[in-house]
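**Student:** The structure follows.
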Amino acid sequence: MNYQEVEKKARENLKGSCKVCPICNGKACAGQVPGMGGKGTGAAFKINVESLDAYKLNMRVIHNAKNPDTSTVLFGKRMDAPVFAAPVSGTTLNMGGKFSEEEYIQWVIEGCVDAGIYPMVGDTAVDSFLTTNLEQLKKFDGCGIAIIKPWENSNVIKKIKLAEAAGAYAVGMDIDAAGLITLALHGKPVGPKTVEEIRQIAESTQLPFILKGIMTVDEAELALEAGVSAIVVSNHGGRVLDQTPGVADVLPEIAEAVKGKLTILADGGVRNGVDVLKMLALGADGVLIGRPFVTASFGGQTEGVKLYIETIKSELKSAMVLTGCKTIEDISDRIIY
C-alpha cells in the first residue's frame, strides 16, 4: 500500500463529503459544514494552510545533527513525535456515513498507538459517539486523550468522569466549538465559558486538563489563570467562525506570553513533517492533525493511519537534519527565515 492508493480509496469511501484534494487547503470544500469544509467562505480553514506555508526555513548543513531524535514527552507520555490525531468525530454527520464511528475511531486509535503517537477522541451532537470513542480507547488501555464539547458544566464534568473510567491519560474541552453549527442543528446547547467555569471543570479531575480553541494572547493568559495544564491554539479547523487569522499567524505571540507556563499545542493546517517542524519553531510543544487522519483511515484503515504517521515522522526527521536540530528541544525560531 502506498499513500496514493490510500487517497484514491478514501475519495471513494468518503462519498463526496471530502474531495481528498492533492493539498488539503479548504478551497474545494468551502462552506461545507456539516461536512469537512470551513464555515462560510472557508477563509478561516484556508488561512490556516496559507499562513503556515508562508513561513520558510533556514537550511543548515554544517552541524552534527546526523540522526535527530524526534521523540518527546507530553503529559507524562513519551511519543515518537510531538503529534496527536485531533479529536475529529461524526462519521454520519461529516464523513459520508460509509463507515461507523466505531470502525473509524478504532482505525485511528490503533494506527496511532502502533506508530508511537497518541490519539485524541472527540465528542459531538450524537451522544453515543463519545461513548463509542471511549469504549474503543479503553480497548487500547486508555492510550489517548478525550476532548469534550463546551456543554453546561455538569454535563462536561459527567463526560470527563466517563473518560477517566475509560483510562484516558488527559482530558480537555474544545471551547472553540461554542458556536458549532452541527451542534445547533441537533438542538445541543454549547457556549463560551467564564474563567470560573473553566476552573471548576479543570479542578474536577486529577488528569491534565487541555483547553482547545485559544487564538489570542489575552485568552491564553485567561486559560493560565483558570489553571489549565495546556492550551491548543486552534480556530477549530475554520469550522466555527469565518475570517479568523491562521493559527501560524497568532502562535508566536501566544507562545511569547505563556511558553513554559503551560503546554502549548497547535492545530491548524499541519499536513506533513515540515509543517510540524514549523509549528514547533513558532512556539508549539506539539501539534494536532485533523482532516488527514480521516483520509488515512477511510482510505487504508489502520494501515493507512500508520503509513501516514510514519511518513510524518520521516519528513520531520529529514527536516531536522536539514535545519540542524538534533532533538525536539533544539527546534526554535532560529530555523525560521
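Numbering-wise, full-length UniProt numbering puts 212 at position 212 of the sequence shown, and it's gapless, one number per residue.
From the three backbone atoms N, C-alpha and C, an ideal C-beta is built for every residue, glycine too.
None of the values given here were measured: they were computed from a predicted structure.
According to the Cβ coordinates, are residue 117 and residue 80 closer than 8 Å?
**Tutor:** Residue mapping note: residue 117 aligns to position 117 of the sequence shown, counting from 1. Residue mapping note: residue 80 aligns to position 80 of the sequence shown, counting from 1. Taking 8 Å as the Cβ cut-off, residue 117 and residue 80 qualify as a contacting pair.
**Student:** Where residue 120 and residue 210 are concerned, what is the direct C-alpha to C-alpha distance, given to the nearest angstrom?
**Tutor:** As a first step, residue 120 must be located in the sequence shown, where it is residue number 120. As a first step, residue 210 must be located in the sequence shown, where it is residue number 210. Each residue's alpha carbon lies about 11 Å from the other.
**Student:** Whole beta strand (DSSP E) runs in the region 101-181 with 3 or more residues, listed along the chain?
**Tutor:** Here the runs fully enclosed are 118-121, 145-148, 170-174.
**Student:** Return the residue from the list 172, 191, 195, 202 that minimises the CA-CA distance to residue 232.
**Tutor:** By one-based count along the sequence shown, residue 232 stands at place 232. Answer by Cα proximity: 172.
**Student:** Start and end of the alpha helix (DSSP H) containing residue 51?
**Tutor:** Residue mapping note: residue 51 aligns to position 51 of the sequence shown, counting from 1. Per DSSP, residue 51 belongs to the alpha helix (DSSP H) from 43-54.
**Student:** Just the Cα atoms here: how many angstroms apart are residue 149 and residue 38?
**Tutor:** As a first step, residue 149 is located in the sequence shown; it is residue number 149 there, counting from the start. As a first step, residue 38 is located in the sequence shown; it is residue number 38 there, counting from the start. Cα to Cα, the separation comes out at about 18 Å.
**Student:** Kindly indicate the opening and closing residues of the alpha helix (DSSP H) around residue 251.
**Tutor:** Against the sequence shown, residue 251 aligns to sequence position 251. Counting along the chain, the alpha helix (DSSP H) containing residue 251 begins and ends at 247-258.
**Student:** Looking only at DSSP bridge pairs, what is residue 84 linked to?
**Tutor:** The residue you call residue 84 lines up with position 84 of the sequence shown. Note: residue 84 sits in a beta bridge opposite 118, 288.
**Student:** Secondary structure at residue 334, three-state DSSP: helix, strand or coil?
**Tutor:** Taking the sequence shown and counting its residues from 1, one reaches residue 334 at position 334. Residue 334: helix per DSSP, three-state reduction.
**Student:** Please classify residue 239: does DSSP put it in a helix, a strand, or coil?
**Tutor:** Indexing the sequence shown from 1 puts residue 239 at position 239. DSSP places residue 239 in coil when its eight states are reduced to three.
**Student:** Give the straight-line distance between the Cα atoms of residue 266 and residue 278, rounded to the nearest whole angstrom.
**Tutor:** The residue you call residue 266 lines up with position 266 of the sequence shown. The residue you call residue 278 lines up with position 278 of the sequence shown. So the alpha carbons of these two residues sit roughly 11 Å apart.
**Student:** Could you tell me the distance, in whole angstroms, from the CA atom of residue 67 to the CA atom of residue 326?
**Tutor:** Position 67 of the sequence shown, counting from 1, holds the residue named residue 67. Position 326 of the sequence shown, counting from 1, holds the residue named residue 326. Taking the straight line joining both Cα atoms gives about 7 Å.
**Student:** CB residue 26 to CB residue 40, shorter than 8 Å?
**Tutor:** On the sequence shown, position 26 is the one that residue 26 refers to. On the sequence shown, position 40 is the one that residue 40 refers to. The answer is no: Cβ separation not under 8 Å.
**Student:** Indicate the three-state DSSP secondary structure (helix, strand or coil) for residue 226 in the structure shown.
**Tutor:** Locating residue 226 in the sequence shown gives position 226, counting from the first residue. In the structure shown, residue 226 sits in coil (DSSP, three-state: anything other than H, G, I, E or B).
**Student:** Let's test the definition: count the other Cβ atoms within 10 Å of the Cβ of residue 185 and tell me whether it reaches 16, buried, or not, exposed.
**Tutor:** By 1-based counting over the sequence shown, the position of residue 185 is 185. By the neighbour-count rule (16 or more Cβ atoms within 10 Å), residue 185 is not buried but exposed.
**Student:** Skipping 5 residues on each side, what residues in its chain have a beta carbon closer than 6 Å to that of residue 263?
**Tutor:** Position 263 of the sequence shown holds residue 263. For residue 263, where only same-chain residues beyond five positions count, the Cβ hits under 6 Å are 230, 285.
**Student:** Counting pairs of beta carbons, one from the region 198-208 and one from the region 240-250, are three or more of them closer than 8 Å?
**Tutor:** The region 198-208, when compared against the region 240-250, does not touch it at the 8 Å Cβ threshold.
**Student:** Which of helix, strand or coil does DSSP assign to residue 62?
**Tutor:** Residue 62 sits at position 62 when you count from the first residue of the sequence shown. DSSP places residue 62 in coil when its eight states are reduced to three.
**Student:** In whole angstroms, what separates the C-alpha of residue 305 from that of residue 126?
**Tutor:** The sequence position of residue 305 within the sequence shown is 305, counting from 1. The sequence position of residue 126 within the sequence shown is 126, counting from 1. When rounded, the distance between both Cα atoms is 24 Å.
**Student:** Could you spell out where the alpha helix (DSSP H) holding residue 93 opens and where it closes?
**Tutor:** Here residue 93 corresponds to residue number 93 of the sequence shown, with the count starting at 1. Its alpha helix (DSSP H) spans residues 91-94.
**Student:** On the DSSP letters alone, give me the boundaries of the alpha helix (DSSP H) that residue 273 sits inside.
**Tutor:** Within the sequence shown, numbered from 1, the residue matching residue 273 stands at position 273. Start and end: 273-281.
**Student:** Just mark residue 190 as buried or exposed, buried being the case when its beta carbon has 16 or more other beta carbons within 10 Å.
**Tutor:** The residue you call residue 190 lines up with position 190 of the sequence shown. Answer is buried; the Cβ neighbour count reaches 16.
**Student:** Whole angstroms is fine: what's the gap from residue 10's alpha carbon to residue 196's?
**Tutor:** For the purposes of this step, residue 10 is taken as residue 10 along the sequence shown, with counting starting at 1. For the purposes of this step, residue 196 is taken as residue 196 along the sequence shown, with counting starting at 1. The alpha-carbon atoms of residue 10 and residue 196 are separated by roughly 43 Å.
**Student:** Mapping DSSP to helix, strand and coil, what is residue 320?
**Tutor:** Looking up residue 320 in the sequence shown gives position 320. In this structure, residue 320 counts as helix in the three-state DSSP scheme.
**Student:** Who does residue 78 pair with in a DSSP beta bridge?
**Tutor:** Mapped onto the sequence shown, residue 78 falls at position 78. Per DSSP, 73.
**Student:** Would you grab the beta carbon distance between residue 115 and residue 289 for me? Rounded to a whole angstrom, and I think it's under 8 Å.
**Tutor:** Along the sequence shown, one-based indexing puts residue 115 at 115. Along the sequence shown, one-based indexing puts residue 289 at 289. Wrong, their Cβ atoms sit about 12 Å apart, outside the cutoff.
**Student:** Could you give the DSSP three-state label for residue 307: helix, strand or coil?
**Tutor:** Within the sequence shown, residue 307 is the residue found at index 307, counting from 1. If DSSP states are grouped into helix, strand and coil, residue 307 belongs with the helices.
**Student:** For residue 236, is the classification buried or exposed, using 16 other Cβ atoms within 10 angstroms of its Cβ as the cut-off for buried?
**Tutor:** Looking up residue 236 in the sequence shown gives position 236. Buried is the call here.
**Student:** List the whole-angstrom C-beta distance separating residue 35 from residue 17, where the pair is believed to meet the contact cut-off of C-beta under 8 Å.
**Tutor:** Taking the sequence shown and counting its residues from 1, the one referred to as residue 35 is at position 35. Taking the sequence shown and counting its residues from 1, the one referred to as residue 17 is at position 17. Their Cβ separation, rounded to whole angstroms, is 5 Å, which keeps residue 35 and residue 17 in contact under 8 Å.
**Student:** Hey, how far is the Cα of residue 223 from the Cα of residue 53?
**Tutor:** If you number the sequence shown from 1, residue 223 lands on position 223. If you number the sequence shown from 1, residue 53 lands on position 53. Approximately 28 Å between the Cα atoms of the pair.
**Student:** Taking Cβ positions, are residue 90 and residue 129 nearer each other than 8 Å?
**Tutor:** In the sequence shown, counting from the first residue as 1, residue 90 sits at position 90. In the sequence shown, counting from the first residue as 1, residue 129 sits at position 129. Contact: yes.
**Student:** Using only CA atoms, which one of 283, 202, 147 lies nearest to residue 253?
**Tutor:** Position 253 of the sequence shown, counted from the first residue, corresponds to residue 253. Residue 283 is the option with its Cα nearest to residue 253.
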